[in-house]
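Worksheet: the structure to be examined is printed underneath.
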Amino acid sequence: MVSFFSTGLLRRAVAAVGRGGRRGVAARAGLEKMAQEYSNATVGGGVEDMYGEDRATEEQLVTPWTFSVASGYSLLRDPRHNKELAFTETERDAHYLRGLLPPVVVTQELQERKFLQTLRQYTVPLQRYMAMMDLQELNERLFYKLLIDNVEELLPVVYTPTVGEACQKYGSIFRHPQGLYISLKEKGKILEVLKNWPEKTIKVIVVTDGERILGLGDLGCQGMGIPVGKLALYTALGGLRPSECLPITIDVGTNNEELLNNEFYIGLRQKRARGQEYHDLLHEFMCAVKQQYGEKVLIQFEDFANHNAFDLLATYSKTHLVFNDDIQGTASVVLAGLVASLKLVGETLADHTYLFLGAGEAGTGIAELIALEISRQNGTPIEENRRKIWLVDSKGLIVNSRIESLQHFKKPWAHEHEPISNLLDAVKAIKPTVLIGTSGVGKTFTQEVVEAMASFNEKPLILALSNPTSQSECTAEEAYTWSKGRAIFASGSPFDPVEYEGKTFISGQANNAYIFPGFGLGLIISGAIRVRDEMLLAASEALAQQVTQENFDKGLIYPPFKNIRKISAQIAANVAAKVYELGLASRLPRPKNLLEHAESCMYMPTYRSYR
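For the working numbering, add 2 to where a residue sits in the sequence shown, where the first one is 1.
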């Protein structure tokens, strides 16, 4: 069943019933009135409210449209409108549900408590993930209500770290197709594939080719878990309507032999396409997306390998509204944590020395945004600021003597220094105040490394950002224990509180989910046509401002996730303000109060009453 209903369909319905005599005249009049209402229905400065849901108050009735009014058995199989046992007596009569449900009528709150109780009985994280995905396919509003109300508990279930294992086993646990799969078989027909998707108004696409899923490597087609998870967070944390989100996987094969030999693998069984064949497919995809969904659809690149990620961002940032969460989102959330941490460690960004383990998308992206922010604060050239930032890759410290062999995105970080082959010696030589891990390799912040950081820093700032938990450079317990409780620590995946010498330490999570949902919302409500670095800086500034003194007293450099919707609205307002300031907004005039406007545009998953 196709679950969309547009003004065009209403117009065709008007024409059809106009041939039905006197009763047809009355029906036609009613439909014409509805068509006019739907054509005028916009929220968010022009975001079409196709279902009339966002215009209606909670007391007003809405109609669960598909091609026709959803009713009976089909209504119970439509995740957008299904309420299960929460259908009222009146709704059961009106929509032919009598006998299809037990007689009891329950509230959404009771459904939420029941599902949460069941979920907590699962001891295996992957079982919880599968239960949540099943709920999303059965009852969309209950899924998002549950996630919003219990975000700190369920975020690790629907995203990192559990989503990593889900991607590894995606073929084995595959039940319902989610999103679009575009493979080499669809070359020359990508626009047709996009038209197969039932929703015609798309605001955000998250796309991956599965080559670098978290720190787990090439998972091919099974990387779909990442776009699905990211877009669930776009809705739950950023308030975008689910119908406007589209997850896509580009399948060009995989070099993962284990997957190629797995009978349950769901992707193309061939080696990964490279070169012109790859770039031609991606170019066709980007052109088709703009043709189908317009200039203002946000395309978020996710978990592409380094050699493609930088090229895609550089190529299409000039012609499309594109955002790479691994490069730009990670940079923005880490910069926010660094800015907030200054209240604990003192001085300014320019006064600190930074050492990265990992010089890929995340590492170089963070480094560049730090240098840009220092330039913005001090007016100093970015080249000068880069000299405060050092990177270590798999071959050691990045220095000038290696310049000829370096990939282009590493060259700006090659400084004058003698070659150093390992992280520990680099720490001892550079004496950084901030140590940041983006290597994707676990246990690399060893006891010797952390103790060295603590030997010349009163409060060493240590960020172990690699995901999932198994790939974290060190654990929270290791950071606090080896630094004798003096480290300021944050990580990419969550860790439990740590007890050390009678004191409880709560570590922060430098999770991209702080940034990208609000960032995307800000772009959409302003009608942005391009992404600029200034917008990322605005997002970082907004997030850093949400850290309270109470958070600092606990050693936190990020606010608690329980306030994430308010945080996302504030980030959206800051980003939108920057979009208008740069003259890149298409939704005019600018709303008087951008924060109130952002909050008013956010999707709420409470049940609606049906006619």
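C-beta: ideal position from N, C-alpha, C; glycine also.
Owing to the predicted nature of the structure, the values given are computational and were not obtained by experimental measurement.
Can you tell me whether DSSP reads residue i as helix, strand or coil?
{"i": "Thr251", "result": "strand"}
{"i": "Lys292", "result": "helix"}
{"i": "Phe563", "result": "helix"}
{"i": "Tyr605", "result": "coil"}
{"i": "Gly510", "result": "strand"}
{"i": "Ser185", "result": "strand"}
{"i": "Phe491", "result": "strand"}
{"i": "Leu463", "result": "strand"}
{"i": "Thr9", "result": "Caution applies to Thr9, whose pLDDT of 44 falls short of 50 and renders its modelled position unreliable; the model cannot decide the point."}
{"i": "Met3", "result": "Unreliable positioning characterises Met3 in this predicted model, as indicated by a pLDDT of 34, which lies under 50. A coordinate reading is not provided."}
{"i": "Gly367", "result": "helix"}
{"i": "Gly46", "result": "Because Gly46 sits at a pLDDT of 43, beneath the cut-off of 50, its placement in the model cannot be relied upon, and the following sentence gives the value as read from the coordinates. Coil at Gly46, not helix or strand."}
{"i": "Ile268", "result": "coil"}
{"i": "Ile517", "result": "coil"}
{"i": "Lys430", "result": "helix"}
{"i": "Lys505", "result": "strand"}
{"i": "Ser570", "result": "helix"}
{"i": "Leu99", "result": "coil"}
{"i": "Ile329", "result": "helix"}
{"i": "Leu584", "result": "coil"}
When burial is assigned at 16 or more other CB atoms within 10 Å of the CB, is residue i buried or exposed?
{"i": "Ile384", "result": "exposed"}
{"i": "Gly74", "result": "exposed"}
{"i": "Arg610", "result": "buried"}
{"i": "Lys191", "result": "exposed"}
{"i": "Gly48", "result": "Here the model assigns Gly48 a pLDDT of 43, short of 50, so the residue's position is not dependable, and the following value carries that caveat. So Gly48 counts as exposed."}
{"i": "Asn308", "result": "buried"}
{"i": "Gly504", "result": "exposed"}
{"i": "Pro105", "result": "exposed"}
{"i": "Asp220", "result": "buried"}
{"i": "Glu502", "result": "In the sequence on display, residue 502 carries Tyr and not Glu. Looking at its Cβ environment, which holds fewer than 16 other Cβ atoms inside 10 Å, Tyr502 is exposed."}
{"i": "Pro593", "result": "buried"}
{"i": "Ala600", "result": "buried"}
{"i": "Gly101", "result": "exposed"}
{"i": "Arg271", "result": "exposed"}
{"i": "Ala634", "result": "As shown, the chain starts at 3 and ends at 613. That puts residue 634 outside it, with no answer to give."}
Starting from residue i, trace the alpha helix (DSSP H) in both directions and tell me its first and last residue.
{"i": "Thr92", "result": "Glu91 to Ala96"}
{"i": "Leu221", "result": "No alpha helix (DSSP H) contains Leu221, which DSSP labels as neither H nor E."}
{"i": "Gln449", "result": "Gln449 to Ser457"}
{"i": "Ile228", "result": "Gly227 to Gly240"}
{"i": "Phe411", "result": "Unbroken run through Phe411: none, as it is neither H nor E."}
{"i": "Thr435", "result": "From DSSP, Thr435 is part of no alpha helix (DSSP H); its letter is neither H nor E."}
{"i": "Tyr75", "result": "Gly74 to Leu78"}
{"i": "Phe554", "result": "Gln551 to Asp555"}
Considering only the alpha carbon of each residue, which of the options lies closest to residue i?
{"i": "Pro499", "options": "Leu374, Arg388, Tyr482 and Val347", "result": "Tyr482"}
{"i": "Val451", "options": "Pro470, Glu460 and Ile464", "result": "Ile464"}
{"i": "Lys461", "options": "Leu337, Gly348 and Val549", "result": "Gly348"}
{"i": "Asn514", "options": "Gln110, Ile228 and Asp95", "result": "Ile228"}
{"i": "Gly277", "options": "Asp253, Leu262, Asn310 and Asn263", "result": "Asn310"}
{"i": "Ile207", "options": "Lys189, Pro414, Ala290 and Leu157", "result": "Ala290"}
{"i": "Gly241", "options": "Ser588, Gln572, Pro593 and Tyr612", "result": "Gln572"}
{"i": "Leu196", "options": "Ile252, Gly219 and Met132", "result": "Ile252"}
{"i": "Lys433", "options": "Ala454, Thr448 and Ala416", "result": "Ala454"}
{"i": "Leu121", "options": "Leu425, Glu155 and Leu103", "result": "Glu155"}
{"i": "Leu437", "options": "Asn198, Ser468 and His410", "result": "Ser468"}
{"i": "Ile372", "options": "Glu406, Ile405 and Thr332", "result": "Thr332"}
{"i": "Trp67", "options": "Phe176, Asp353, His83 and Arg79", "result": "His83"}
{"i": "Glu297", "options": "Pro607, Leu596, Leu586 and Thr608", "result": "Leu586"}
Going by DSSP, what residue range makes up the beta strand (DSSP E) through residue i?
{"i": "Tyr502", "result": "Val500 to Tyr502"}
{"i": "Leu137", "result": "Looking at the DSSP string, Leu137 is not in any beta strand (DSSP E); the run it does join, the alpha helix (DSSP H), is Pro127 to Leu140."}
{"i": "Trp392", "result": "Ile391 to Asp395"}
{"i": "Ile192", "result": "Segment Ile192 to Asn198 is the alpha helix (DSSP H) holding Ile192; no beta strand (DSSP E) there."}
{"i": "Leu300", "result": "Leu300 to Phe303"}
{"i": "Val107", "result": "That residue, Val107, is in no beta strand (DSSP E); it is neither H nor E in DSSP."}
{"i": "Val324", "result": "Leu323 to Asn326"}
{"i": "Gly173", "result": "Careful: Gly173 lies outside any beta strand (DSSP E), inside the alpha helix (DSSP H) at Tyr172 to Ile175."}
{"i": "Tyr318", "result": "It is not in any beta strand (DSSP E) - Tyr318 instead sits in the alpha helix (DSSP H) that spans Asn308 to Tyr318."}
So is residue i in contact with chain C if we call contact Cβ pairs under 9 Å?
{"i": "Phe563", "result": "Of the protein chains in the structure, only one exists, and it is not chain C."}
Suppose contacts are defined by Cβ-Cβ distances below 9 Å. Is residue i in contact with residue j by that definition?
{"i": "Gly231", "j": "Asn258", "result": "no"}
{"i": "Thr203", "j": "Ile250", "result": "no"}
{"i": "Asp327", "j": "Arg214", "result": "no"}
{"i": "Phe528", "j": "Val581", "result": "According to the sequence as given, residue 528 is Ser; it is not Phe. In this structure, Val581 lies closer than 9 Å to Ser528 by Cβ."}
{"i": "Ala508", "j": "Ala544", "result": "Reading off the sequence shown, one finds Ile at residue 508, where the question assumed Ala. No."}
{"i": "Val126", "j": "His97", "result": "no"}
{"i": "Gln302", "j": "Ile268", "result": "no"}
{"i": "Thr440", "j": "Gly381", "result": "no"}
{"i": "Gln293", "j": "Met226", "result": "no"}
{"i": "Ser343", "j": "Ile559", "result": "yes"}
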